[in-house]
Amino acid sequence: MRIISLNANGIRSAERKGFFEWFEQQDADFLCLQETKARTHQLVDDPAFTRDGYHDCFHDARSKKGYSGVAIYSREQPDEIRTELGREDFDCEGRYIEARFGNLSVVSLYFPSGSSGDERQQYKFRIMEWFAPVLDEWLNSGRDYVVCGDWNIVRSELDIKNWKSNQKNSGCLPEERDWMNDLIDTRGWVDTFRALKPDTVEYTWWSNRGRARENNVGWRIDYQLATPSLRERLQSCSIYRDERFSDHAPFTVDYDA
DNA sequence: CGTAATACG
1 MRIISLNANG IRSAERKGFF EWFEQQDADF LCLQETKART HQLVDDPAFT RDGYHDCFHD
61 ARSKKGYSGV AIYSREQPDE IRTELGREDF DCEGRYIEAR FGNLSVVSLY FPSGSSGDER
121 QQYKFRIMEW FAPVLDEWLN SGRDYVVCGD WNIVRSELDI KNWKSNQKNS GCLPEERDWM
181 NDLIDTRGWV DTFRALKPDT VEYTWWSNRG RARENNVGWR IDYQLATPSL RERLQSCSIY
241 RDERFSDHAP FTVDYDA
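Once you know that position 228 of the first sequence is 228 in UniProt numbering, the rest is easy, because the numbers rise by one and skip nothing.
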């Protein structure tokens, strides 16, 4: 079972850059996209976003055009699609979609960014507080979950080039890191990349200001978090070097069938 | 600075 996740930074932009041709070569069972930046109607009727051999589902932002938005592509037809978690100021921003296949749930999640200002940072903190118990419910549901997405939070010094200078910047704030680490170290979620590569320094996002990407001034803020039930099924993972499609890197995790 | 619509990350 192969799951690929990518913050597409605009699915229409990524498509123009050949993302789906690349995707079709990857032999993936599931693809989770974040920041599709399109209304669902702009995607569902366009063959460019409908791939042979895959089912697709989308959830867009009701609140703003061209903003946020998530998607899942799957070989198997889902039993059920969920897009609402019952909190209006979260549900309206197109940040969550879940596809269910038997006992497996695959989630594409776009966690809020706080980098645009204090208003959004306070929103991010409120979502953190509310979302942790939601994750606990999933963890205790008896279902297998893989929560793929852009979490906009690094965990440790291994996950960011400029650790010291970013301590006061959103995504690397101590209270954000504590929250993320609590999910994994205390509550029991598996950071699949870190579980497979305990000491590896690799990033999933680079600012497009300056020469961040060519200097590898990056952050690891994209994760596939899995329930402990999937830990023994973890095989391998890779973050792709490919810079063609987005300011984030696509990454793959392979799980035993 | 890139995406997609003029804000947001």
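Built from N, CA and C at the ideal position, the CB exists for glycine as well.
| Inter-residue Cα distance where the pair is S50 and V44 | Rather than Ser, the amino acid found at residue 50 in this sequence is Thr. The alpha-carbon atoms of T50 and V44 are separated by roughly 7 Å.
Mind reading off the beta-carbon distance from M180 to I160? Whole number of angstroms is fine, and I expect it under 8 Å. No, M180 and I160 are not in contact; Cβ-Cβ is about 12 Å, not under 8 Å.
(message) Between which residues of its own chain and Y123 is the CB-CB distance below 8 Å, once the five residues before and five after are set aside?
(response) D89, P112 and G114
When DSSP labels each residue in this structure, what does W151 get in the three-state scheme? coil
- Message: Which runs of the beta strand (DSSP E) at least 3 residues long sit entirely within the stretch 180-255? Give them in chain order.
- Response: 222-226, 234-239 and 251-255
Under 9 Å between the Cβ atoms of L158 and V147?
-> no
task: Work out the CA separation of T200 and A99 for me, nearest whole Å.
output: 30 Å
Problem - Within 9 Å, strictly: CB atoms of R194 and K17 - result: no
| field | At least three beta-carbon pairs within less than 8 Å, the stretch 219-233 to the stretch 118-132 | value | no
_Considering Cα atoms alone, identify which of C237, A257 and D256 is closest to P250._
C237
- Check whether G149 and V190 have beta carbons under 9 Å apart: no
**OP:** Starting from F19, trace the alpha helix (DSSP H) both ways and give me its first and last residue.
**Re:** F19 to E24
Q) At which residues does the alpha helix (DSSP H) containing residue 260 begin and terminate? A) Since the displayed the chain opens at 1 and closes at 257, residue 260 lies outside it and no answer follows.
Report task. Assuming R75 contacts Y96 (C-beta within less than 8 Å), just tell me the rounded distance between them. Result -> That pair is no contact at about 22 Å.
Where the beta strand (DSSP E) through A14 begins and ends: Here A14 belongs to no beta strand (DSSP E); instead the alpha helix (DSSP H) covers I11 to R16.
Name the DSSP beta bridge partners of L104, please?
F101 and D144
Round the Cβ separation of S156 and N9 to the nearest angstrom and send it over; I've been treating them as touching at under 8 Å. About 25 Å; that fails the 8 Å criterion.
Practice task
Assign A38 to buried or exposed, taking buried as 16 or more other Cβ atoms, counted over all protein chains shown, within 10 Å of its Cβ.
Solution key: buried
Discussion item. Output needed for N162: all residues of its chain with C-beta closer than 8 Å, excluding positions within five of it in sequence on either side, in chain order.
Written reply: V217
Relative to the C-alpha of T192, which residue among F125, Q235, C92 and E214 is closest? Q235
Item checked: Which listed residue (G86, I4, A257 and K65) has its alpha carbon closest to that of A71 -> I4
If you count every other CB in all the chains shown that lies within 10 Å of the CB of A257, and 16 or more means buried, which is it? exposed
Under DSSP, the beta strand (DSSP E) around Q34 begins and ends at which residues?
F30 to Q34
Go through its chain and collect everything with a Cβ distance to V253's Cβ below 6 Å, but skip five positions before and after it.
I3, T192, Q224 and C237
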